[in-house]
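Using the numbering used here, the letters of the sequence shown correspond one by one to residues 26 to 751. See below for the structure under consideration.
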Amino acid sequence: MDSPVNVNVPRWTPSPGPTSRLIREPVITHHDPADSISDSFASSDNNKLGFPFSIGGPQPDDGSIESSSLRVDSDVGRSMEIIMDRTRGSNLGIGEEKINVVGPGGYLERDVSGGVYLTWKDLWVTVPAADAAEGRRSILAGVTGYAEPGEVLAIMGPSGCGKSTLLDALAGRLDSNTRQKGDILINGRKQALAFGTSAYVTQDDTLMTTLTVREAIYYSALLQLPDSMSRSDKKKRAEATIKEMGLQDAIDTRIGGWSVKGLSGGQKRRVSICIEILTRPKLLFLDEPTSGLDSAASYHVMSRIIKLAKQDRRTVVVSIHQPSGEVFELFHNLCLLSSGKMVYFGSALAANEFFASNGFPCPSMRNPSDHYLRTINKDFDIDIEQGFNATITATEAIDFLAKSYKSSETYQQVQQRVQHICSKSGPPLEKTKSHAGFITQCLVLTQRSFVNMYRDLGYYWLRLAIYIALCLCVGTIFYDIGHSYGSIQARGSMLMFVAAFLTFMAIGGFPSFVEDMKIFTRERLNGHYGVTAFVMGNTISSIPYLLMISVVPGAMAYYLVGLQKSIDHFIYFALLLFACMMLVESLMMTVASIVPDFLMGIITGAGIQGVMMLNGGFFRLPDDLPKPFWRYPMYYIAFHKYANQGFYKNEFEGLNFPSELGQSRTISGDEILRSVWQVEMGYSKWVDVAIVFGMVIVYRLLFLGIIKATEKFKPMIRGFLAGSGK
Ligand SMILES: Nc1ncnc2c1ncn2[C@@H]1O[C@H](COP(=O)(O)OP(=O)(O)OP(=O)(O)O)[C@@H](O)[C@H]1O
Ligand SMILES: [Mg+2]
Numbered sequence: 026m027d028s029p030v031n032v033n034v035p036r037w038t039p040s041p042g043p044t045s046r047l048i049r050e051p052v053i054t055h056h057d058p059a060d061s062i063s064d065s066f067a068s069s070d071n072n073k074l075g076f077p078f079s080i081g082g083p084q085p086d087d088g089s090i091e092s093s094s095l096r097v098d099s100d101v102g103r104s105m106e107i108i109m110d111r112t113r114g115s116n117l118g119i120g121e122e123k124i125n126v127v128g129p130g131g132y133l134e135r136d137v138s139g140g141v142y143l144t145w146k147d148l149w150v151t152v153p154a155a156d157a158a159e160g161r162r163s164i165l166a167g168v169t170g171y172a173e174p175g176e177v178l179a180i181m182g183p184s185g186c187g188k189s190t191l192l193d194a195l196a197g198r199l200d201s202n203t204r205q206k207g208d209i210l211i212n213g214r215k216q217a218l219a220f221g222t223s224a225y226v227t228q229d230d231t232l233m234t235t236l237t238v239r240e241a242i243y244y245s246a247l248l249q250l251p252d253s254m255s256r257s258d259k260k261k262r263a264e265a266t267i268k269e270m271g272l273q274d275a276i277d278t279r280i281g282g283w284s285v286k287g288l289s290g291g292q293k294r295r296v297s298i299c300i301e302i303l304t305r306p307k308l309l310f311l312d313e314p315t316s317g318l319d320s321a322a323s324y325h326v327m328s329r330i331i332k333l334a335k336q337d338r339r340t341v342v343v344s345i346h347q348p349s350g351e352v353f354e355l356f357h358n359l360c361l362l363s364s365g366k367m368v369y370f371g372s373a374l375a376a377n378e379f380f381a382s383n384g385f386p387c388p389s390m391r392n393p394s395d396h397y398l399r400t401i402n403k404d405f406d407i408d409i410e411q412g413f414n415a416t417i418t419a420t421e422a423i424d425f426l427a428k429s430y431k432s433s434e435t436y437q438q439v440q441q442r443v444q445h446i447c448s449k450s451g452p453p454l455e456k457t458k459s460h461a462g463f464i465t466q467c468l469v470l471t472q473r474s475f476v477n478m479y480r481d482l483g484y485y486w487l488r489l490a491i492y493i494a495l496c497l498c499v500g501t502i503f504y505d506i507g508h509s510y511g512s513i514q515a516r517g518s519m520l521m522f523v524a525a526f527l528t529f530m531a532i533g534g535f536p537s538f539v540e541d542m543k544i545f546t547r548e549r550l551n552g553h554y555g556v557t558a559f560v561m562g563n564t565i566s567s568i569p570y571l572l573m574i575s576v577v578p579g580a581m582a583y584y585l586v587g588l589q590k591s592i593d594h595f596i597y598f599a600l601l602l603f604a605c606m607m608l609v610e611s612l613m614m615t616v617a618s619i620v621p622d623f624l625m626g627i628i629t630g631a632g633i634q635g636v637m638m639l640n641g642g643f644f645r646l647p648d649d650l651p652k653p654f655w656r657y658p659m660y661y662i663a664f665h666k667y668a669n670q671g672f673y674k675n676e677f678e679g680l681n682f683p684s685e686l687g688q689s690r691t692i693s694g695d696e697i698l699r700s701v702w703q704v705e706m707g708y709s710k711w712v713d714v715a716i717v718f719g720m721v722i723v724y725r726l727l728f729l730g731i732i733k734a735t736e737k738f739k740p741m742i743r744g745f746l747a748g749s750g751k
């Protein structure tokens, strides 16, 4: 097995054991020139000289924290002193101590001038275990920590250790199958995050694949930035942010998705970051912002984020896999997790000493973060070389480090710092109020959705092609239907096909709609706009396409079959077809709000429509439907009843069917409507179309209601379940 360390490398002397006092250890006495602290220090000095990454990197500013002091200071001992004071700040009157050590812009000022203080205490997250008999499995096991304004907290740990879960828990976005215990406080208060109080760049990129980088960010700027800002300023902000993230060369490239290749993974990552930093949020969560990026791009992206945190005292929490040495040095605090357990929380720079003092010194020439991760990754349970050339397994090393951390002074300091922050409850974190107004949001969403529908072949174009093909089939099968007795049944069947099966096809756009819903969910959680604006945008943008689909193929079927010739009748036919398609879309929207998976959604939607079709009054005549349930209320709920009756009235009213048997009697359309189709003749065909439009509104309101209710009640249910301790 690969030895984790180079045997020739001078080592730190292993510490006496788990009770080692971390920060207070006089580091300088242990210091060896080959040690990594001096390495990292040297590289910091390199930064100062401008090589390799210092150009454009974050410059120490007034409010900069100890890491910048470290860079400026060439004395290791003094640097560590500063770190010590910083972590000790919680013990003593933080103001005094900080002002002494950090000087202007130190803790005192920060505490007074506001910003977002995020703390979590004894946080547990559990999920059902694979084997139901085992109860629940914990993903996070009693972790405690904090994030402060002007600082960046890096969460690190092996894959699957719970980084995203911690971020989700902090941002209030845990999955519904999880249970959370422990306090998460914002400025010392319990507060539900999400919906605009914080910004969260999730691990997966959910972007509108049909837009270019410029469009995606510009639309987002229009949605998020206030109306008081001019369009040209918003455009400038969007373009500046694109440049900040180094995307200028890809600015006119479409994002692309599974069907069309567009941006690379790393570029998509940066687009996601751009969208969330447009408004400079007060609290920013980033789940692996640098995955897919090369080391230079990672450095630049992270340094911009850190600059953002420092400039306006933003609070930033980042989970990260493989930071390079340069990137690692940018972090203020480090939270190291392994299998949900906290292995270390504290100053990023002091972590080196923690590992060293516990017998896991970082070999020279090795990136400290690589060393930490290698030590605490038990997935491949390697033997880790400890001091004195002893080897232990990774599992043992993790347990040892976790115990050592719990008994360390750093742990006490973190607890005290959390306690201190909690005791000074500040103002609640408010939702960003400076968003674009409702009308602007509706207009922008309509425009964006229209462009997306236009470019996404699967949304309407494919459907148009299928409708044309189907209507040609209908037109040729029922070609020139005539007015014979036999045409009565044929007319009824043809109209039924239009009302039921043609509208059923509206289900075809569901996968594209589910993609839209994912984007909506992300943007909604980040508070970019409201549910009503989304519904309005989606409804209005789909109207031209649905009109096109009902008029063009509709006309082909209508005139090939030879239904009533007058234009009024055709207009009614196309209008009712349009209303039914909108209704099916609205129904599918409601389904999507409950079943977000597209395959399950299609099956559910098809099932619901199948039932409605069955009792819409064609396959079983209305009078023959069993009264309980099928007649009352299902028959009245099924939109097919109104669609069938509207189409029948439109076609049969005013027609006469001469007898084929040479009898003088002709049958009027009215008689057929009453006796053959059992249509309710007490009201006009326009009432039927109005009812269908009314149903469209009801379904869209239902969608709105479900989303709003989920937003309101989900946190309450979670809170209740967490309270019951299950
Ligand atoms: N809702 C859930 N239901 C069941 N298991 C879950 C759930 N969420 C997370 N897990 C499990 O918890 C563990 C931690 O997941 P998490 O996504 O937080 O890891 P991570 O540290 O972010 O990993 P990566 O670095 O690969 O993104 C994983 O084993 C995952 O399968
Ligand atoms: Mg993750």
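Using N, Cα and C, we set each Cβ at its ideal position, and we do this for glycine too.
Where do the ends of the beta strand (DSSP E) carrying residue i lie?
i, result
"A179", "V177 to M181"
"K366", "K366 to S372"
"P393", "Counting along the chain, P393 falls outside any beta strand (DSSP E), though it belongs to the alpha helix (DSSP H) covering P393 to I401."
"F310", "L308 to D312"
"V342", "T340 to S344"
"P683", "N681 to P683"
"S693", "T691 to S693"
Taking its Cβ as the centre, do 16 or more other Cβ atoms sit within 10 Å of residue i, making it buried, or is it exposed?
i, result
"L165", "buried"
"G635", "exposed"
"C498", "exposed"
"W149", "buried"
"S433", "buried"
"G511", "exposed"
"F193", "Per the sequence shown, the amino acid found at residue 193 is Asp instead of Phe. Buried, because 16 or more other Cβ atoms sit within 10 Å of the Cβ of D193."
"S382", "buried"
Quick one: grab the DSSP three-state call for residue i.
i, result
"W149", "strand"
"A663", "coil"
"R161", "strand"
"S575", "helix"
"Y225", "strand"
"C360", "strand"
"G587", "coil"
"D713", "helix"
"S93", "Note that S93 scores 31 on pLDDT, short of 50, meaning its location in the model is unreliable; the coordinates nonetheless yield the value given after this. Looking at S93 - three-state DSSP - the assignment turns out to be helix."
"K188", "helix"
"Y554", "coil"
"F644", "coil"
"A764", "Shown here, the chain extends from 26 to 751; a query on residue 764 therefore has no answer."
In whole angstroms, what separates the C-alpha of residue i from that of residue j?
i, j, result
"V326", "Q466", "29 Å"
"I423", "H553", "41 Å"
"R399", "Y724", "54 Å"
"I330", "S448", "29 Å"
"T629", "A663", "15 Å"
"Q216", "R161", "26 Å"
"L612", "V721", "8 Å"
"E269", "H346", "22 Å"
"G317", "S349", "13 Å"
"S201", "P153", "11 Å"
"K543", "D505", "46 Å"
"S684", "G500", "25 Å"
"V343", "G213", "21 Å"
"K293", "L308", "22 Å"
"S297", "S618", "24 Å"
"V576", "L487", "16 Å"
"W655", "I592", "36 Å"
Taking residue i as part of the alpha helix (DSSP H), name the residues at either end of that continuous run.
i, result
"D258", "R256 to E269"
"F353", "G350 to L355"
"D208", "From DSSP, D208 is part of no alpha helix (DSSP H) but of the beta strand (DSSP E) over R204 to I211."
"A617", "I592 to I619"
"V326", "S320 to Q336"
May I ask whether a heavy atom of ligand 3 can be found less than 7 Å away from the beta carbon of residue i?
i, result
"Q228", "This structure lacks ligand 3; its bound ligands are ligand 1 and ligand 2."
Runs of alpha helix (DSSP H) lying entirely within the region 414–500, each at least 4 residues, in chain order: 419–431, 434–448 and 463–480
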